[in-house]
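All the letters of the sequence shown, read from the start, carry residue numbers 97 to 556 under this note's numbering.
The beta-carbon is built from N, C-alpha and C at its ideal position, and this holds for glycine as well.
Below is one structure, written out as structure tokens, with a few remarks after it.
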Amino acid sequence: ADRLFGRHTRCFLATDIRPTEMVSDKNPLRPKFVIKDSWAFSKRNASEDTRDEVRSLEKVKACLLAKAAERDIIIPKIEVGGRVLFLRNGGWVEDNTDTLYGRGKLVMDKADTVRGQGELADNNADDVNKPGEVRSDDDLYFRAHRRIVMEPIGEPLRSTTSAAEFVTIVCDVMRCHNAFVNDCGILHRDISPNNILVFRGADGIARGMLIDLDCAIDIDQEKREEREGRVKRKEMTGTLPYMSINNLSGSIVEHTSLDDWESMLCVICWFATLGTISSKRRGDEELAELPIAEWRQESTAKMLTAKRYAFKDSESFMNTIVNNFKPEDCASGKSDEIRASDEGDEGDESDLLERLAFELHKCLFQNPSLIPDFHGTFEKLKCDEQNPTDGGALSGWRARKGKLGKLLPMVNPLEERAKIWKDISENLLEIVDKYWEQAMDLQKDALKAKSNGAIGNIPQ
Numbered sequence: 097a098d099r100l101f102g103r104h105t106r107c108f109l110a111t112d113i114r115p116t117e118m119v120s121d122k123n124p125l126r127p128k129f130v131i132k133d134s135w136a137f138s139k140r141n142a143s144e145d146t147r148d149e150v151r152s153l154e155k156v157k158a159c160l161l162a163k164a165a166e167r168d169i170i171i172p173k174i175e176v177g178g179r180v181l182f183l184r185n186g187g188w189v190e191d192n193t194d195t196l197y198g199r200g201k202l203v204m205d206k207a208d209t210v211r212g213q214g215e216l217a218d219n220n221a222d223d224v225n226k227p228g229e230v231r232s233d234d235d236l237y238f239r240a241h242r243r244i245v246m247e248p249i250g251e252p253l254r255s256t257t258s259a260a261e262f263v264t265i266v267c268d269v270m271r272c273h274n275a276f277v278n279d280c281g282i283l284h285r286d287i288s289p290n291n292i293l294v295f296r297g298a299d300g301i302a303r304g305m306l307i308d309l310d311c312a313i314d315i316d317q318e319k320r321e322e323r324e325g326r327v328k329r330k331e332m333t334g335t336l337p338y339m340s341i342n343n344l345s346g347s348i349v350e351h352t353s354l355d356d357w358e359s360m361l362c363v364i365c366w367f368a369t370l371g372t373i374s375s376k377r378r379g380d381e382e383l384a385e386l387p388i389a390e391w392r393q394e395s396t397a398k399m400l401t402a403k404r405y406a407f408k409d410s411e412s413f414m415n416t417i418v419n420n421f422k423p424e425d426c427a428s429g430k431s432d433e434i435r436a437s438d439e440g441d442e443g444d445e446s447d448l449l450e451r452l453a454f455e456l457h458k459c460l461f462q463n464p465s466l467i468p469d470f471h472g473t474f475e476k477l478k479c480d481e482q483n484p485t486d487g488g489a490l491s492g493w494r495a496r497k498g499k500l501g502k503l504l505p506m507v508n509p510l511e512e513r514a515k516i517w518k519d520i521s522e523n524l525l526e527i528v529d530k531y532w533e534q535a536m537d538l539q540k541d542a543l544k545a546k547s548n549g550a551i552g553n554i555p556q
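What follows is the structure, encoded as structure tokens:
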């Protein structure tokens with residue numbers, strides 16, 4: 097909300113219970129709801145807006161509210177919401193950019209819409225244009241003023257106090273994300289730290305909740321528009337340091353739930369490097385010396401190069417990212433072979449983050465359902481029957497000729513991965529379910545030990 101351009105999102109805590117006494121430090125107001133006020137990128141016709149957060153939240157509530165307890169997930173619950181109206185000359189007028197400035201064509205450069213907003217660590221690309229693109233009359237740069245009242249109230253992701261808490265929360269979020277996709281037909285498209293809240297119940301267990309559906313789309317409605325032949329503009333949507341490689345590259349490959357899973361892997365890697373324990377995090381100067389700092393470059397091209405290299409194979413992922421995880425959060429002194437294996441002590445919190453990150457990376461970029469030609473992050477030369485050793489070589493972005501002089505096709509592993517996104521998503525969910533159970537048990541054990549220690553320290 098401190099930038100000249102963007103959604104200018106502000107949140108306020110509120111309650112529907114009128115205080116019977118004067119509010120003070122001794123008698124504080126106990127908030128029950130969050131009021132979200134923002135200027136969201138929208139379509140002029142609200143009924144055609146496939147990324148209307150109010151509609152998405154209402155769909156989530158209708159599809160999942162009755163199932164949430166059974167599935168043990170926490171979902172944001174909308175109470176009321178919509179576009180803001182105000183009175184003018186005796187009539188109601190919608191508060192939007194047309195009302196403020198009038199309509200007109202707008203040419204926007206990608207650099208202006210992304211880099212011009214300031215600190216990239218928290219920057220949301222929010223559907224930027226390709227450089228020099230002119231939008232049509234029916235698709236101008238348009239924002240509507242929107243308010244939403246919802247619950248429950250949570251804490252920011254940076255409030256975690258242990259690796260077990262952090263793993264529980266991120267696994268909760270992706271279990272919720274899976275329900276959004278499969279039960280509601282909603283794709284989030286902006287998995288990032290600011291869109292994850294920590295909810296602590298009466299039992300003290302930290303749980304995770306996925307919020308902010310500003311960039312979400314109704315998958316079914318998008319498919320209908322595609323079948324009807326409506327022209328779709330490629331969107332670069334999300335928060336830059338956590339965007340998937342497919343998203344950052346501006347690829348024409350369909351944005352699937354795998355892009356959101358990859359964004360969550362980026363969130364896990366970032367916090368594991370920064371430190372999941374709020375009181376023991378790395379400072380900016382120390383963080384700037386590590387390879388992951390390149391994810392915060394001003395140039396999206398540099399971010400893309402850094403991520404492609406970091407995720408291209410297991411060795412690169414371990415050396416570039418995992419080996420730099422915060423020592424207090426992770427295993428120290430273990431060999432790379434042990435740390436990179438799928439095996440580990442399920443009751444040990446020390447390498448919980450490393451094992452989770454490694455398994456997610458392997459499933460996303462080296463999935464056994466795909467042949468080796470389709471592994472990794474770089475476009476590759478398809479294996480030549482006459483020269484099989486040439487297959488899989490990093491070869492830039494153009495096809496090359498084989499020994500017989502024929503033109504060999506190139507393969508994009510991200511495109512091949514997207515073709516079986518449902519199967520890979522199921523694999524990823526199995527991994528998350530496994531680590532969610534382990535992390536929940538570790539949290540319960542820690543709270544039990546803390547409780548026993550407190551009882552033992554009571555003065556006789």
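- Message: If you measure between the beta carbons of residue 456 and residue 361, is that distance less than 8 Å?
- Response: yes
- List the endpoints of the continuous alpha helix (DSSP H) containing residue 169. In the DSSP assignment, residue 169 falls outside any alpha helix (DSSP H) and carries neither an H nor an E.
- Message: Let's test the definition: count the other Cβ atoms within 10 Å of the Cβ of residue 514 and tell me whether it reaches 16, buried, or not, exposed.
- Response: buried
- Task: Give the straight-line distance between the Cα atoms of residue 194 and residue 140, rounded to the nearest whole angstrom.
- Result: 9 Å
- Would you grab the beta carbon distance between residue 374 and residue 254 for me? Rounded to a whole angstrom, and I think it's under 8 Å. 6 Å
- Message: Is it the case that the stretch 338-347 contacts the stretch 173-191, given that we only count it when at least three CB pairs across the two stretches are under 8 Å?
- Response: The answer is no - the stretch 338-347 does not touch the stretch 173-191, with fewer than three Cβ pairs under 8 Å.
- For residue 282 and residue 152, believed in contact at Cβ under 8 Å, the rounded distance: Contact flag correct, Cβ pair sits at about 5 Å.
- Task: Could you tell me the distance, in whole angstroms, from the CA atom of residue 267 to the CA atom of residue 184?
- Result: 48 Å
- Taking the alpha helix (DSSP H) that residue 151 falls in, what are its first and last residues? 149-160
- Query: Counting along the chain, where does the alpha helix (DSSP H) carrying residue 354 start and finish?
  - Reply: 353-370
- Query: Quick one: any contact between the stretch 390-404 and the stretch 452-468, if contact means 3 or more CB pairs under 8 Å?
  - Reply: no
- Task: May I have the straight-line CA-CA distance separating residue 345 from residue 522, to the nearest angstrom?
- Result: 25 Å
- Got a sec? Which residues, its chain only, sit under 6 Å from residue 357 by beta carbon, not counting five neighbours each side? Non-local beta-carbon contacts of residue 357 in its own chain, meaning distances under 6 Å to residues more than five positions away in sequence, involve 524 in chain order.
- Message: Within a Cβ cutoff of 6 Å, which residues of the same chain sit near residue 370, ignoring the five residues on either side of it in sequence?
- Response: 377, 378
- Task: Give the DSSP bridge partners of residue 252, in chain order.
- Result: 293
- residue 273 (DSSP reduced to helix, strand or coil): helix
- Item | Local conformation of residue 422 per DSSP, three classes | coil
- Query: Based on Cα-Cα distance, which residue from 446, 451, 400, 383 lies nearest to residue 410?
  - Reply: Nearest C-alpha to residue 410: 451.
- Item | For residue 413, the first and last residue of its enclosing alpha helix (DSSP H) | 410-416
- Message: Only counting the same chain, and skipping five residues up and downstream in sequence, which positions put a Cβ closer than 6 Å to that of residue 311?
- Response: 285, 286, 333
- Query: Out of curiosity, what's the CA-to-CA distance linking residue 247 and residue 172?
  - Reply: 6 Å
- So what does DSSP say about residue 118, is it helix, strand or coil? coil
- Item | Validate contact between the stretch 257-265 and the stretch 292-309 using beta carbons, cut 8 Å, 3 pairs | yes
- Going by C-alpha distance, which of 546, 538, 531, 539 is nearest residue 271? 531
- Item | Inter-residue Cα distance where the pair is residue 416 and residue 290 | Using only the alpha carbons, I get a separation of about 25 Å.
- Message: Helix, strand or coil for residue 202? Go by DSSP, reduced to three states.
- Response: Residue placement at residue 202 is flagged as unreliable, the pLDDT there being 39, under the threshold of 50; the coordinate-derived value follows with that caveat. Three-state result, residue 202: coil.
- Task: Measure the CB-CB distance between residue 243 and residue 131 and report whether it falls below 8 Å.
- Result: A distance below 8 Å separates the beta carbons of residue 243 and residue 131.
- Item | Counted within 10 angstroms of its Cβ, other Cβ atoms place residue 118 as buried (16 or more) or exposed | exposed
- Which stretch, first to last residue, makes up the alpha helix (DSSP H) that contains residue 132? Looking at the DSSP string, residue 132 is not in any alpha helix (DSSP H); the run it does join, the beta strand (DSSP E), is 129-137.
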